[in-house]
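Asks:
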Amino acid sequence: MLKKAASILFHRITMTALLLVLQLALLILMMVRFSDYFVYFYWFCILLSVVAVLYIVSDYSDPGYKIAWIIPILIFPVFGGLVYLLLGGNRLTSGMRRRMQGVEQQMADALAADCKADRLYPYGSDAVNQSRYLEQYAHCPAYRNTEAVYFPLGDDVFPRMLEELKRAERYIFIEYFIIEPGVFWDSILAILEEKARAGVDVRVIYDDIGSLFTLPKDYAAQLEKKGIRCCVFNRFVPVLSLRLNNRDHRKMCIIDGHTAFTGGINLADEYINRTVKYGHWKDSSILLRGEAVWSMTVTFLSTWDYIRGEKETLEDFRAERLPALPRECGNYFAQPYVDSPLDNEPVGETVYLNLISKARSYVYITTPYLIISDSVNTALCNAAKSGVDVRIMTPHVPDKKIIFEVTRAHYERLLEAGVRIYEYTPGFVHAKNFVVDDIYGTVGTVNMDYRSMFLHFENGVWLCGAPCLMDIKADFLATLEQCEAITLQRCRSHSSGRLLLRSVLRILAPLM
């Protein structure tokens with residue numbers, strides 16, 4: 006009993022909470038201690054809030070994000086500016102900026118020769134323009150000669166991941182937001198240990214906050230002892246700081262530079278329905294085999310070098326040989342892409358906006374959260390008003406109740422414009438998929454919320470002409486049979502108190 010109490014007391018989450026409370030207590034103590042100077046402190050904070058508002062207005066960030074900060078600052082001018090100074094924006098130290106610019110340049114140099122968006126002209130100028138954007142602003146080319154296989158559930162991709170990992174000969178690179186011991190991760194870890202002993206270069210990156218409740222603080226050191234090199238992205242420091250905002254939400258498993266997995270699935274048992282948290286977990290993944298995996302390999306190594314402060318020769322990691330592929334793989338394109346919150350370029354949001362704006366017949370969207378910017382909201386409404394069949398699937402069983410209310414707060418305007426919304430009744434939807442007109446689509450990690458679009462490191466795969474797009478479409482339509490259609494009447498039937506709450510949450514959504 007005492008041992009259990011001690012483990013809880015000295016757990017890093019408990020210690021972190023205590024340190025944060027201590028910081029707040031010290032701040033209050035300082036205010037009380039210097040109460041004689043309160044007038045000066047008051048006017049200093051007012052001035053700070055005014056400066057913060059002027060800075061926010063002049064910034065290039067999303068208008069919704071600006072409003073979400075400006076309103077609380079104006080309501081609480083004494084503390085609003087101070088809170089924004091601590092937690093708002095994406096400011097970098099000069100050292101971090103130089104290192105991040107180095108990462109971007111490293112990616113650009115390694116992939117520049119592959120940037121040939123004009124090859125997509127057989128699919129039309131819309132395809133070329135979408136691909137060219139990712140080449141120029143994310144440094145991510147489109148590739149032929151890549152097999153793309155869609156998995157509608159984590160249950161389906163789990164055995165395939167194990168199968169491919171067992172075939173690794175040179176290296177295995179794993180980068181995930183959440184890793185949690187259990188059937189899923191333990192099965193992978195057993196293979197990683199075996200491969201590391203055989204001389205395979207095995208590396209793991211996980212996000213510290215993403216895995217805060219699932220892994221001990223020294224887990225990276227534990228893996229290193231097993232011969233598995235490990236990095237922890239943006240270690241959580243219990244200090245009130247804007248560094249907490251930027252998390253590594255990417256999910257990639259790369260094998261020998263020719264095979265890779267990505268999608269919404271983290272390495273924890275609820276993602277393969279071995280444990281039940283919020284009903285049946287509906288997620289998705291995509292397997293790439295072929296040339297496009299080189300882009301994902303460069304992305305991983307660039308992040309690894311950024312964290313470790315190393316400089317590697319990326320060409321050393323090119324696949325020595327590519328697997329034999331079906332002939333049809335030379336006729337379509339797969340374009341892995343990444344998004345960083347530190348370059349002021351909203352790649353994830355722009356990919357979604359391009360897909361919506363290019364739709365002529367339909368756009369089917371699966372997302373766990375619907376906390377969208379005005380730009381995305383307007384694009385969806387305009388598409389529906391123009392006669393495009395716009396359908397969105399969200400969860401019926403929430404993982405976070407407040408976020409669920411914010412999602413539902415966005416329904417009414419979309420329904421009024423003709424967008425059709427469905428909630429997945431068996432449980433929680435965590436997939437992040439688009440499919441458009443049987444031609445375009447994307448599978449990845451980017452949620453339709455402010456955090457994914459503006460604050461997190463993300464990744465995905467844009468597809469053009471790939472046969473697996475029909476699998477994504479078929480999965481969406483089949484899953485609709487397990488969904489409840491949301492009506493405009495239902496949205497308007499709630500009490501005035503619930504409607505007011507949702508209005509407030511909709512305004513403050515970018516801060517959540």
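Counting from 6, one number per residue, gives the positions in the sequence shown under this note's numbering.
All C-beta atoms, glycine included, are put in the ideal place defined by N, C-alpha and C.
Considering only residues of the same chain and omitting the five flanking positions on each side of L485, which have a CB-CB separation below 8 Å?
Replies: The count along the sequence shown starts at 1 and reaches residue 485 at position 480. Excluding sequence neighbours, L485 sits near R396, M398 and Y427.
Asks: To the nearest angstrom, how far is the alpha carbon of F15 from that of D223?
Replies: Locating residue 15 in the sequence shown gives position 10, counting from the first residue. Locating residue 223 in the sequence shown gives position 218, counting from the first residue. Bear in mind that the predicted position of F15 carries a pLDDT of just 47, short of 50, making it unreliable; the figure below should be weighed with that in mind. Going from the Cα of F15 to the Cα of D223 covers about 14 Å.
Asks: Within the same chain, show all residues whose beta-carbon is closer than 8 Å to that of M453, passing over the 5 residues directly before and after it, in chain order.
Replies: Your numbering for residue 453 matches position 448 in the sequence shown. Cβ within range, chain order: Y357, I370, T372, Y374, L375, I376, I377, V381 and K437.
Asks: Just list the alpha helix (DSSP H) runs in the segment 344-419, keeping only unbroken ones of 4 residues or longer that don't cross its boundaries, in chain order.
Replies: DSSP runs (the alpha helix (DSSP H)) wholly in the segment 344-419: 352-363, 379-390 and 406-414.
Asks: Terminal residues of the continuous alpha helix (DSSP H) containing D212?
Replies: The residue you call residue 212 lines up with position 207 of the sequence shown. D212 -> not in any alpha helix (DSSP H); beta strand (DSSP E) instead, spanning D206 to D212.
Asks: I'd like to check one pair, E180 with T308: are the Cβ atoms closer than 8 Å?
Replies: As a working note, residue 308 is residue 303 in the sequence shown. As a working note, residue 180 is residue 175 in the sequence shown. For T308 and E180, yes; Cβs fall inside 8 Å.
Asks: What is the DSSP secondary structure of K287, reduced to helix, strand or coil?
Replies: For this step, residue 287 is matched to residue 282 along the sequence shown. Strand, per DSSP.
Asks: So the beta strand (DSSP E) A483 belongs to, where does it begin and stop?
Replies: Looking up residue 483 in the sequence shown gives position 478. Note, A483: premise wrong, no beta strand (DSSP E); alpha helix (DSSP H) at C473 to L485.
Asks: Is the beta carbon of L468 closer than 8 Å to that of T447?
Replies: As a position in the sequence shown, residue 447 is number 442, starting the count at 1. As a position in the sequence shown, residue 468 is number 463, starting the count at 1. Yes, the Cβ-Cβ distance between T447 and L468 is below 8 Å.
Asks: So Y148 packs on Q340, CB below 8 Å; how close in whole Å?
Replies: Numbered from its first residue, the sequence shown carries residue 148 at position 143. Numbered from its first residue, the sequence shown carries residue 340 at position 335. About 7 Å separates the two Cβ atoms, so the contact holds.
Asks: Taking all protein chains shown into account, decide if S12 is buried (16 or more other Cβ within 10 angstroms of its Cβ) or exposed.
Replies: Here the question's residue 12 lines up with position 7 in the sequence shown. At S12 the pLDDT is 48, less than 50, meaning the model places this residue with poor confidence and gives no usable figure here.
Asks: Would you give the residue range spanned by the alpha helix (DSSP H) that I312 belongs to?
Replies: As a first step, residue 312 must be located in the sequence shown, where it is residue number 307. I312 -> alpha helix (DSSP H) spans V298 to R313.
Asks: So, helix, strand or coil for Y89, using DSSP?
Replies: Residue 89 sits at position 84 when you count from the first residue of the sequence shown. Of the three classes helix, strand and coil, the one that applies to Y89 here is helix, per DSSP.
Asks: Just to confirm, are L360 and Y455 a CB contact at a threshold of 8 Å?
Replies: Counting from one through the sequence shown, the residue named residue 360 turns up at place 355. Counting from one through the sequence shown, the residue named residue 455 turns up at place 450. Contact: no.
Asks: Quick one: using the 10 Å Cβ neighbour count with 16 as the cut-off for buried, is W299 buried or exposed?
Replies: Here residue 299 refers to the residue found at position 294 when the sequence shown is read from its first residue. W299 is buried by the Cβ-count criterion.
Asks: Does the segment 200-210 touch the segment 279-292, meaning 3 or more C-beta pairs lie closer than 8 Å?
Replies: Segments in contact, no.
Asks: Less than 8 Å separating the beta-carbons of V108 and Y311?
Replies: Within the sequence shown, numbered from 1, the residue matching residue 108 stands at position 103. Within the sequence shown, numbered from 1, the residue matching residue 311 stands at position 306. In contact: V108 and Y311 (Cβ atoms closer than 8 Å).
Asks: Between the segment 127-145 and the segment 319-332, can you find at least three pairs of beta-carbon atoms closer than 8 Å?
Replies: Cβ pair count under 8 Å is below three, so no.
Asks: What did DSSP end up calling K233 once you bin it into helix, strand or coil?
Replies: In the sequence shown, counting from the first residue as 1, residue 233 sits at position 228. Before going on, a small fix: residue 233 reads as Ile here, not Lys. Coil.
Asks: Are the segment 272-279 and the segment 468-477 touching by the rule of at least three beta carbon pairs closer than 8 Å?
Replies: They do not touch, by the three-pair rule.
Asks: Do D212 and N239 have their C-beta atoms closer together than 8 Å?
Replies: Counted from its first residue, the sequence shown places residue 212 at position 207. Counted from its first residue, the sequence shown places residue 239 at position 234. Cβ atoms of D212 and N239: closer than 8 Å.
Asks: Out of S54, L385 and V162, state which residue places its alpha-carbon closest to the alpha-carbon of R418.
Replies: Here residue 418 corresponds to residue number 413 of the sequence shown, with the count starting at 1. The candidate whose alpha carbon is nearest that of R418 is L385.
Asks: Work out the CA separation of A388 and D394 for me, nearest whole Å.
Replies: Start at 1 with the first residue of the sequence shown, and residue 394 comes out as number 389. Start at 1 with the first residue of the sequence shown, and residue 388 comes out as number 383. For D394 and A388, the distance between alpha carbons rounds to 8 Å.
Asks: Can you give the beta carbon distance from T219 to I183, rounded, assuming they're within the 8 Å contact cut?
Replies: Indexing the sequence shown from 1 puts residue 219 at position 214. Indexing the sequence shown from 1 puts residue 183 at position 178. T219 to I183, Cβ: 6 Å. Contact.
Asks: From what residue to what residue does the beta strand (DSSP E) around R137 run?
Replies: Working through the sequence shown from its first residue, we reach residue 137 at position 132. Per DSSP, R137 belongs to no beta strand (DSSP E); it is in the alpha helix (DSSP H), S130 to A143.
Asks: Note down, in chain order, each residue of its chain lying with its Cβ closer than 7 Å to the Cβ of F305, except the 5 sequence neighbours on either side.
Replies: Counted from its first residue, the sequence shown places residue 305 at position 300. Around F305: F178, E180, M257 and I259.
Asks: Please work out which residues of its chain come closer than 7 Å, Cβ to Cβ, to V440, disregarding the five sequence neighbours upstream and downstream, and give them in chain order.
Replies: Residue mapping note: residue 440 aligns to position 435 of the sequence shown, counting from 1. Y369, G446, L474, I477, K478 and F481.
Asks: Please classify V56: does DSSP put it in a helix, a strand, or coil?
Replies: Numbered from 1 along the sequence shown, position 51 holds the residue referred to as residue 56. If DSSP states are grouped into helix, strand and coil, V56 belongs with the helices.
Asks: Which of the three DSSP states is assigned to P341 in this structure?
Replies: Here residue 341 refers to the residue found at position 336 of the sequence shown. Note: P341 maps to strand in three-state DSSP.
Asks: May I ask which residues mark the beginning and end of the alpha helix (DSSP H) holding G159?
Replies: Here residue 159 refers to the residue found at position 154 when the sequence shown is read from its first residue. G159 to K171 is the span of the alpha helix (DSSP H), which, as asked, contains G159.
Asks: Is the CB-CB distance between S366 and D442 below 8 Å?
Replies: On the sequence shown, residue 366 is found 361 positions in, with the first residue counted as 1. On the sequence shown, residue 442 is found 437 positions in, with the first residue counted as 1. A contact, by the Cβ cut-off of 8 Å.
Asks: Can you say whether W48 is buried or exposed, counting buried as having 16 or more other CB atoms within 10 angstroms of its CB?
Replies: On the sequence shown, position 43 is the one that residue 48 refers to. Its Cβ having fewer than 16 others within 10 Å, W48 is exposed.
Asks: Helix, strand or coil: how does DSSP classify L468 here?
Replies: The sequence position of residue 468 within the sequence shown is 463, counting from 1. Strand, per DSSP.
Asks: Once you ignore the five residues that flank T430 on each side, which residues in its own chain have a CB closer than 7 Å to its CB?
Replies: Counted from its first residue, the sequence shown places residue 430 at position 425. Here the set comprises H401, Q487, C488 and E489.
Asks: According to the Cβ coordinates, are T267 and G449 closer than 8 Å?
Replies: Walking along the sequence shown from the start, residue 267 turns up at place 262. Walking along the sequence shown from the start, residue 449 turns up at place 444. Cβ distance < 8 Å, so T267 and G449 count as in contact.
Asks: Assuming E428 is part of the beta strand (DSSP E), what are its boundary residues?
Replies: Locating residue 428 in the sequence shown gives position 423, where the first residue counts as 1. Where E428 is concerned, the enclosing beta strand (DSSP E) stretches over R425 to Y429.
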